[in-house]
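Protein chains: 2
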Amino acid sequence: MAGGTKRLPRAVREQQMLDAAVKVFSENGYREASMDSIAAEAEISKPMLYLYYGSKDELFSACIERESTRFIEAMSVGFDPSLRQREQAYTVVKEFLRFVDEHRQSWKVLYRVAVGTQTFSHFVSDSRKRVTEMVTELIRTGTTVEGARDIDFELTAVALVGAGEAVADRITEGDVDLETATDLLVGITWRGLKGVGTADVGVD
Amino acid sequence: MAGGTKRLPRAVREQQMLDAAVKVFSENGYREASMDSIAAEAEISKPMLYLYYGSKDELFSACIERESTRFIEAMSVGFDPSLRQREQAYTVVKEFLRFVDEHRQSWKVLYRVAVGTQTFSHFVSDSRKRVTEMVTELIRTGTTVEGARDIDFELTAVALVGAGEAVADRITEGDVDLETATDLLVGITWRGLKGVGTADVGVD
Numbered sequence: 001m002a003g004g005t006k007r008l009p010r011a012v013r014e015q016q017m018l019d020a021a022v023k024v025f026s027e028n029g030y031r032e033a034s035m036d037s038i039a040a041e042a043e044i045s046k047p048m049l050y051l052y053y054g055s056k057d058e059l060f061s062a063c064i065e066r067e068s069t070r071f072i073e074a075m076s077v078g079f080d081p082s083l084r085q086r087e088q089a090y091t092v093v094k095e096f097l098r099f100v101d102e103h104r105q106s107w108k109v110l111y112r113v114a115v116g117t118q119t120f121s122h123f124v125s126d127s128r129k130r131v132t133e134m135v136t137e138l139i140r141t142g143t144t145v146e147g148a149r150d151i152d153f154e155l156t157a158v159a160l161v162g163a164g165e166a167v168a169d170r171i172t173e174g175d176v177d178l179e180t181a182t183d184l185l186v187g188i189t190w191r192g193l194k195g196v197g198t199a200d201v202g203v204d
Numbered sequence: 001m002a003g004g005t006k007r008l009p010r011a012v013r014e015q016q017m018l019d020a021a022v023k024v025f026s027e028n029g030y031r032e033a034s035m036d037s038i039a040a041e042a043e044i045s046k047p048m049l050y051l052y053y054g055s056k057d058e059l060f061s062a063c064i065e066r067e068s069t070r071f072i073e074a075m076s077v078g079f080d081p082s083l084r085q086r087e088q089a090y091t092v093v094k095e096f097l098r099f100v101d102e103h104r105q106s107w108k109v110l111y112r113v114a115v116g117t118q119t120f121s122h123f124v125s126d127s128r129k130r131v132t133e134m135v136t137e138l139i140r141t142g143t144t145v146e147g148a149r150d151i152d153f154e155l156t157a158v159a160l161v162g163a164g165e166a167v168a169d170r171i172t173e174g175d176v177d178l179e180t181a182t183d184l185l186v187g188i189t190w191r192g193l194k195g196v197g198t199a200d201v202g203v204d
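Structure below.
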């Protein structure tokens, strides 16, 4: 056990262990992450880690729960029904991409690691489902066409959430800046391909 | 060894083993899939399976290689530069969603199972990258605005590929029909939210 960490309150130590675990899982994936490397990262002994989290499954589960709660909370802030639909769309996209930019490990653990496991993928499905429902309502609220069916709103939301996740991945890879990504995603959301570059592109 | 299968040519037997493996991996994920269950599904003995594929890793790798080749080939058919951009976009989306609909297990193995593994996720990144490059070229070719930068085209393609993957997932879940999904995805690609329901919705 690393010196001087003994007397930390339980809650603080738990968060430190989760921080270390999120880092190791996000870098190595579920399968390749070991309790040894997580204990080393957290600067505690392996028995201590097992005392708090009985197994790798249990530890991973705690990571996913914390990160998906953070994610959903960040997204909820973006959905502000007092805004007009377009402003709301912009706010949601901006809050979403900012969260991903500031919590790259959270994003990777949820959307790249947990999603590929049999045991934990339902956490991601659940949080994706909640975000998709919020987006569906956002679209439905601002859209007054009689011909539009529920499935149209829902599938549109599914597609936009998918677009957002893909752009988020690029942000975590570090090769796209936040502002460019936000403008572009809002542009696509609003105008589709016609929004590329300017509002008046040379397609059809 | 199951009776009557002994004299099958090697190539045929390999394909049968891969068919069985793709089924089991797509249903159970990588970690939970066992060589026992794959051998049972293929109706061969486990030693026979190991004779062809030395390990679960090797077998999974062969599955991913076959399925990603099939996927890229199907997508390549969709990109027909003799078509106008809009028709080409429609063809690509249609071919893509049709492939997913007809090869649900391939889709799941690539985009839900392999993507979550440390060892095999690069196959998915590679095929996603190739599709994204094709879509980037499709967008660039039909777009004549001077202000649009390379990153705009590329990120637009990233977003549209992400939208497509999300809609594809819904198709594999069986609750959305192919035609609705195709029309909707083409609509979003073309007009963004303004395309929901009709070309003239009540948003800004």
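Chains as they are written, first to last, in the UniProt record's numbering: chain A, 1 to 204; chain B, 1 to 204. For each residue, glycine too, the CB sits at the ideal point set by N, CA and C.
In chain order, G29, R31 and G116 make up the part of chain B whose C-beta sits under 8 Å from the C-beta of A/T117. Residues of chain A whose Cβ lies closer than 9 Å to the Cβ of B/G174 do not exist; the shortest such Cβ separation is about 14 Å. Pairwise C-beta distances place the region 91-99 of chain B out of contact with the region 87-94 of chain A, as fewer than three of them are shorter than 8 Å. Using a CB distance cut-off of 7 Å, B/V92 does not count as an interface residue toward chain A.
Against chain B, a Cβ distance below 7 Å from A/G78 picks out nothing, because the smallest value is about 16 Å. Here the alpha carbons of A/A157 and A/R130 stand approximately 11 Å from one another.
At least 7 Å separates the CB of A/V109 from every CB of chain B. B/P47 sits in a helix when the DSSP states are folded into three classes. Under a criterion of Cβ atoms nearer than 8 Å, the residues of chain B adjacent to A/R170 are, in order, L155 and V158. Under the three-state reduction of DSSP output, A/H103 falls in the coil class, being neither helix nor strand. Out of A/T180, A/D80, A/E133 and A/W107, the CA that lies nearest to the CA of A/R70 is found in A/W107.
When the alpha-carbon of B/D101 is set against those of B/E14, B/V167 and B/F25, the nearest one is in B/V167. Judged by DSSP secondary structure, B/D19 falls within the alpha helix (DSSP H) whose first and last residues are R10 to E32. According to the DSSP assignment, B/E73 belongs to the alpha helix (DSSP H) that extends over K56 to G78.
For A/L160, same chain residues with a beta-carbon under 7 Å away, outside a window of 5 residues either side, are V135 and T189 in chain order. In the DSSP assignment, B/V113 falls outside any alpha helix (DSSP H), carrying neither H nor E. Only residues of its own chain outside the window of five on either side were considered, and among them T91 have a CB closer than 7 Å to the CB of B/L83, listed in chain order. Against chain A, the beta carbon of B/R112 has neighbours under 9 Å at V115, G116 and S121, listed in chain order. Within its own chain, no residue has a Cβ closer than 7 Å to the Cβ of B/A11 once the five positions on either side in sequence are excluded.
Put simply, of A/A42, A/T141 and A/K46 the residue whose alpha carbon is nearest the alpha carbon of A/R86 is A/T141. Residues of the same chain with a CB within less than 7 Å of the CB of B/R112, apart from the 5 flanking positions on each side, do not exist. For A/G54, the nearest beta carbon of chain B is not closer than 7 Å to its own beta carbon. For A/G162, the uninterrupted alpha helix (DSSP H) run begins and ends at D150 to T172, by DSSP. A/A40 is the residue among A/V186, A/A40 and A/L97 whose C-alpha sits nearest the C-alpha of A/L18. Here the C-alpha atom of B/T180 lies approximately 12 Å from the C-alpha atom of A/D150.
In the displayed model, B/L83 falls within coil according to three-state DSSP, outside both helix and strand. If you check the CB distance, A/L97 and A/T172 do not come in under 7 Å.
The beta carbon of A/A163 falls within 7 Å of a beta carbon belonging to chain B, placing the residue at that interface. Here B/G187 carries a helix assignment [DSSP, helix/strand/coil].
Between B/V115 and B/V109, the CB-CB gap reaches or exceeds 7 Å. For A/V176, no alpha helix (DSSP H) run applies, since DSSP gives it neither H nor E. With 16 or more neighbouring CB atoms inside 10 Å of its own CB, A/S26 falls in the buried class.
Interface with chain B (7 Å Cβ-Cβ cutoff): A/V167 is included. Between B/K23 and B/Q105, the CB-CB gap stays under 7 Å. For B/I188, a Cβ of chain A is located within less than 7 Å of the residue's own Cβ.
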